[in-house]
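Here the protein sequences come in this chain order: X and A. Per the UniProt record's numbering, the first sequence starts with residue 1, numbered consecutively. Per the UniProt record's numbering, the second sequence starts with residue 1, numbered consecutively. Glycine residues also receive a C-beta, built at the ideal position from the N, C-alpha and C atoms. Written below as structure tokens is the structure these notes are about.
2 protein chains.
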Amino acid sequence: MSVTAARGFRASGATAGLKASGSSDVALVVNDGPDRHAAAVFTSNRVEAAPVTWSRQVVRDRRADAVFLNSGGANACTGVQGFQDTHRTAELVADALRCSATDVIVCSTGLIGEFLPMDRIERGIDLTAAGLGRAGGSDAARAIMTTDSVPKEAVAARDGWVVGGMAKGAGMLAPGLATMLCVITTDAVVSPEALDAALRVSTASTFDRVDSDGCMSTNDTVVVMASGASGIAVSPDELTAAVHEVCASLARQLVADAEGASHDIAVEVRSAATEADAVAVARSVTRSNLFKAAIFGRDPNWGRVLAAVGTTEATFEPSSLDVAINGVQVCRGATIGEDRALVDLEPREVHVVIDLHAGDATATVWTNDLTHDYVHENSAYST
Amino acid sequence: MSVTAARGFRASGATAGLKASGSSDVALVVNDGPDRHAAAVFTSNRVEAAPVTWSRQVVRDRRADAVFLNSGGANACTGVQGFQDTHRTAELVADALRCSATDVIVCSTGLIGEFLPMDRIERGIDLTAAGLGRAGGSDAARAIMTTDSVPKEAVAARDGWVVGGMAKGAGMLAPGLATMLCVITTDAVVSPEALDAALRVSTASTFDRVDSDGCMSTNDTVVVMASGASGIAVSPDELTAAVHEVCASLARQLVADAEGASHDIAVEVRSAATEADAVAVARSVTRSNLFKAAIFGRDPNWGRVLAAVGTTEATFEPSSLDVAINGVQVCRGATIGEDRALVDLEPREVHVVIDLHAGDATATVWTNDLTHDYVHENSAYST
């Protein structure tokens, strides 16, 4: 169901021939109203793909009628022609839907530095427009997959209204810069301002805390649209809670499906002076190749955790640091704690807890281990 | 020769039994004067090993009589006992050399989070003190190796005076956080202030621009000592040039010996607004796992270069970026340039040139590719 769980939305997925595999590769999600509120967050990479540049403009007035998505090509680093291709895509979708091109969000994912085959995109627009339906959510979710092994869908059902979503991305570990695309829909009656705020709050503590390899895509896009079709007015807090629930589920699914990963690692920082400190420390650990390779080798190498913590400017006394891995307090006061041999790293889930003894704030960042398969997937992709 | 190329220095290497391999594992370098000037730079990691904490104090008065180094154990994250072990090491060396413990620098490298076997260290001190000689430089260089496949030595010979040095570290790609240790000696007559300045200037543009995996060791130490034994007074500029030459050679040797690497990659940023911008952009690219995995796969994936550049705050217009790989201008104006198939990535040396079109500054940072062997070495080391 995902994006069509909420009333007022139709979706479809189709095969335009963009992927060598022959799998479906284009998706369309349409908001039939009565409201057509929209908000979106995009990659903060200064080198942004043409569809990101386009879609930033589309949502500026907080209205969007549809989202067209393609896998099999990122349309990034494609210059003026790339932007013209995105513009033309939006115009063709608008023609098919009888709406304005400036209300059509476009998302692309795949290899960067290559032009899209526009003849196939045009065919994809015809196919998806013709296939739109209230049951099309799962087809759409499948069509946006790249190296994902499973589609990602989530629904937060409330009393008479719902938030649903779909996402693609293999935990940011996937090849081709691991673009993360996500479309969320709701039939709640909400203001555009509340919708925008709910999205920003939710992504900041979910998608923004999944950091598999520290690399930032040129195409990342998360869109939320509200149709108001339930007729039920929802408070900003209720809305935020439901959007957060969907984002958290989808983010967790991204980590679990990370290409080439053999462990999902939650790095939890406790007793930080500020939440920003907690995130900075957690992120430093999740970006340490040495730590991530150690986890792949089932080595509870807490020294590499401490070394990563020590590179940050967070508030802490270096001699006070504690580290626990999967419940074993392997490091106490920055020195040897319980026997590291007690740590069981066979399960896929790994939980690292770092105590800074500096305050009350906490944060968790998710990552994956660094594996032979990661190197393989990311070295062999475009050749 | 290395550290004993300069007059006034003796050195030795010996086997204390710290390594399972049975290879030599302790080294001693002694300055017999007449000057005993010293300077050092250390890791900026806030989680620093006991020998770093100790040695910072030793060089504060810009005098040191000797450097004792051990491989086979980093003595990091070992708390109060670790510091006591370093202190005792310095005292035993001082007893053997009839100097003050506060003039003995101590360096350690190996696994972190384990105590040193002090009985073996004591035996190593006896052996190295007994073995000191004018021809001992190469023995010392071999004794500090960990995963290095070859010892690293360099000499800059001038008219009547010389700078020599030794280093260990497998391009910061090596397991166990890849500590880089380096001892440099000179027989030039220089002031302690000039010696300190020469070291800082030289390391900033050599060792500080070798960045194989972005991980920062708890033990990194670069020491320089001047004996004045040549009797030749040298200007600060002459000294800096010679120290820089030795540091540049040793840094390049570290990259070339990087464990698990199949390519040495020079990322050169041109036309930056400032040198700091150039370094920031180069470092962002050298830390991109996706780019490094692509090079391993012989894939001239310039899109991953641009994506890494785009995450920095350096001054540039994103649509103006140019990228050349091994002489082929694969990206012009942030879009598709010459045919990527023309790029030959078979040679070990890879040269990436990024033009920011923003000014006159330039900088080069060296790194290695991300390979299966990197993951293997770093996942299997401590288990």
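Among His-376/X, Gly-303/X, Gln-329/X, the one whose alpha carbon lies nearest that of Leu-290/X: Nearest C-alpha to Leu-290/X: Gly-303/X.
Could you tell me which whole alpha helix (DSSP H) segments of length 4 or greater appear in the region 127-195 of chain A? Entirely contained in the region 127-195 of chain A, the alpha helix (DSSP H) runs reaching 4 residues are, in chain order, 137-143.
Considering only the beta carbon of each residue, do Thr-362/A and Ala-251/A sit closer than 8 Å? No. Outside cutoff.
Run through DSSP, which three-state label would Glu-317/X get? Under the three-state reduction of DSSP, Glu-317/X is assigned to coil, being neither helix nor strand.
Taking three-plus beta-carbon pairs below 8 Å as touching, is the region 84-92 of chain X in contact with the region 46-63 of chain X? Three or more beta-carbon pairs separated by less than 8 Å link the region 84-92 of chain X to the region 46-63 of chain X, which places the two stretches in contact.
Do Gly-260/A and His-376/A have their C-beta atoms within less than 8 Å of each other? Yes.
Once DSSP output is grouped into helix, strand and coil, what is the label at Ser-202/A? Helix.
So Gly-310/X contacts chain A; which residues on that side make the cut at Cβ distance below 8 Å? What Gly-310/X touches in chain A: Asn-45, Arg-46, Val-47, Glu-48, Met-216, Thr-218.
Alpha-carbon to alpha-carbon, Pro-192/A and Gly-79/A: Taking the CA atoms as reference points, Gly-79/A sits about 32 Å from Pro-192/A.
Taking the straight line between their C-alpha atoms, what separation do you get for Ala-16/X and Asn-75/X? If you draw a straight line from the Cα of Ala-16/X to the Cα of Asn-75/X, it is about 16 Å long.
Give the DSSP-derived three-state secondary structure of Arg-62/X in the structure shown. DSSP places Arg-62/X in the coil class of the three-state scheme, outside both helix and strand.
Pull out every residue of the region 232-250 of chain X whose Cβ sits closer than 8 Å to any Cβ of chain A, in chain order. Residues: none.
How far does the alpha helix (DSSP H) with Ala-293/A in it extend, from its first residue to its last? Note, Ala-293/A: alpha helix (DSSP H), 289-296.
Residue from Ala-188/A, Gly-72/A, Ala-6/A whose Cα sits closest to the Cα of Ala-14/A: Selected option, being the one with the closest Cα: Gly-72/A.
With DSSP as the reference, identify every bridge partner of residue 464/A, one or two as the case may be. Residue 464/A is absent from the structure shown; chain A starts at 1 and stops at 383.
Does Ser-44/X pass the burial test, meaning 16 or more other C-beta atoms within 10 Å, or should it be called exposed? Its Cβ having fewer than 16 others within 10 Å, Ser-44/X is exposed.
Would you check if the distance between the CB atom of Lys-152/A and the CB atom of Ala-141/A is smaller than 8 Å? In this structure, Ala-141/A lies closer than 8 Å to Lys-152/A by Cβ.
Span of the beta strand (DSSP E) around Thr-221/X: For Thr-221/X, the uninterrupted beta strand (DSSP E) run begins and ends at 221-226, by DSSP.
Assess, as a yes-or-no matter, whether the region 212-229 of chain A is touched by the region 304-323 of chain A under the definition of 3 or more beta carbon pairs within less than 8 Å. These segments do not touch.
Is it right to say Ser-21/X is buried, meaning 16 or more other beta carbons lie within 10 angstroms of its own, or is it exposed? That one is exposed.
For Ala-11/X, does the three-state DSSP call read helix, strand or coil? Ala-11/X falls in the strand class under three-state DSSP.
First and last residue of the uninterrupted alpha helix (DSSP H) at Val-243/X: From DSSP, the alpha helix (DSSP H) with Val-243/X extends over 236-256.
Thinking C-alpha only, which one of Val-309/A, Trp-161/A, Leu-111/A is nearest Thr-146/A? Thr-146/A has its Cα closest to that of Leu-111/A, out of Val-309/A, Trp-161/A, Leu-111/A.
Extent of the continuous beta strand (DSSP E) to which Pro-271/A belongs: Reading off the sequence, residue 271/A comes out as Ser, not Pro. Ser-271/A -> beta strand (DSSP E) spans 264-272.
On the three-state DSSP scale, how would you describe Glu-91/A? Helix.
I need the straight-line Cα distance from residue 425/X to Val-3/X, nearest angstrom please. The requested residue 425/X is not part of the displayed model; chain X covers only 1 to 383.
Would you please state the rounded distance, in angstroms, between the beta carbons of Asp-148/X and Asp-257/X? I believe it to be under 8 Å. Indeed, because the Cβ distance is near 6 Å, the residues count as touching under 8 Å.
Asn-31/X by DSSP, collapsed to three states: which one? Strand.
Is the shortest distance between the beta-carbon of Pro-51/A and the beta-carbons of chain X less than 8 Å? Not closer than 8 Å to any Cβ of chain X, the Cβ of Pro-51/A fails to qualify, so no.
Could you check whether Ser-288/A and Cys-215/X sit closer than 8 Å to each other, using their CB atoms as the reference points? The answer is yes: Cβ separation under 8 Å.
Do Val-41/X and Phe-68/X have their C-beta atoms closer together than 8 Å? No. Outside cutoff.
Trp-302/A touches chain X at which residues, Cβ-Cβ below 7 Å? For Trp-302/A, the neighbours in chain X by C-beta distance under 7 Å run, in chain order, Gly-113.
I need the DSSP call for Gly-22/X, collapsed to helix, strand or coil. In this structure, Gly-22/X counts as coil in the three-state DSSP scheme.
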